[in-house]
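Visitor: Can you keep this structure in mind? I'll have questions shortly.
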Amino acid sequence: MKAKVLHNLLQEYGKLKNPKETTAIKYWYQYNNVHVNVYFDSFDVNNPHLSIVLNFEKSYYYTSLNVKNTAVNKEYLVKIPMNILGKILSNSKLDDFFNN
């Protein structure tokens, strides 16, 4: 994850009043007809957590993404359903999906 993105997420989480262990910020958008839900929490400041849920037609995919390694600019989605993967690939890469 890019350092700037993590910084912004931490700032947004820090603005919450009285976050609890179960508190998360949720972002939702559509990417090429795939519903994307992103959940971020930093209740444990030493271990921020980011998860995504992708949903297309009757298929879904859940994964946690690495927020600690700011050198990683591309994530690999292991065992993702092919109908979802086909919707988020651009020129056989995930770069466009992760950069938007």
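Just so you know, we're using numbering that gives the first Met the number 0 here: the sequence shown kicks off at 0 and counts up by one. Quick reminder that beta carbons are idealized off the backbone N, C-alpha and C, glycines included.
Measure the beta-carbon distance from isoleucine 83 to tyrosine 61 and round it to whole angstroms, keeping in mind my assumption that it falls under 8 Å.
Guide: Translated into positions along the sequence shown, residue 83 becomes position 84. Translated into positions along the sequence shown, residue 61 becomes position 62. Actually they are not in contact, since the Cβ atoms of isoleucine 83 and tyrosine 61 sit about 11 Å apart, beyond 8 Å.
Visitor: Thinking C-alpha only, which one of Tyr26, Lys19, Tyr30, Asn31 is nearest leucine 101?
Guide: No information on residue 101 is available, as it lies outside the stretch 0 to 99 that the chain covers here.
Visitor: Do lysine 86 and asparagine 36 come within 8 Å of each other at the CB atom, strictly closer than that value?
Guide: As a working note, residue 36 is residue 37 in the sequence shown. As a working note, residue 86 is residue 87 in the sequence shown. Cβ distance not < 8 Å, so asparagine 36 and lysine 86 don't count as in contact.
Visitor: Which of the three DSSP states, helix, strand or coil, is assigned to isoleucine 79?
Guide: The residue given as residue 79 occupies position 80 in the sequence shown. Here isoleucine 79 sits in coil by DSSP.
Visitor: For the region 11 to 50, which segments carrying the beta strand (DSSP E) assignment without a break, of at least 3 residues, lie completely within its bounds, in sequence order?
Guide: Qualifying beta strand (DSSP E) stretches, in chain order: 24 to 30, 33 to 40.
Visitor: Please return the same chain residues whose Cβ sits closer than 6 Å to the Cβ of serine 63, not counting the five positions on each side in sequence.
Guide: As a working note, residue 63 is residue 64 in the sequence shown. Answer for serine 63: Ser50, listed in chain order.
Visitor: Would you call the CB atoms of glutamate 20 and phenylalanine 42 closer than 8 Å?
Guide: For this step, residue 20 is matched to residue 21 along the sequence shown. For this step, residue 42 is matched to residue 43 along the sequence shown. Yes, the Cβ-Cβ distance between glutamate 20 and phenylalanine 42 is below 8 Å.
Visitor: With distances taken from CA atoms, which of Asn99, Leu15, Val4 is nearest alanine 23?
Guide: As a working mapping, residue 23 is identified with position 24 in the sequence shown. It is Leu15.
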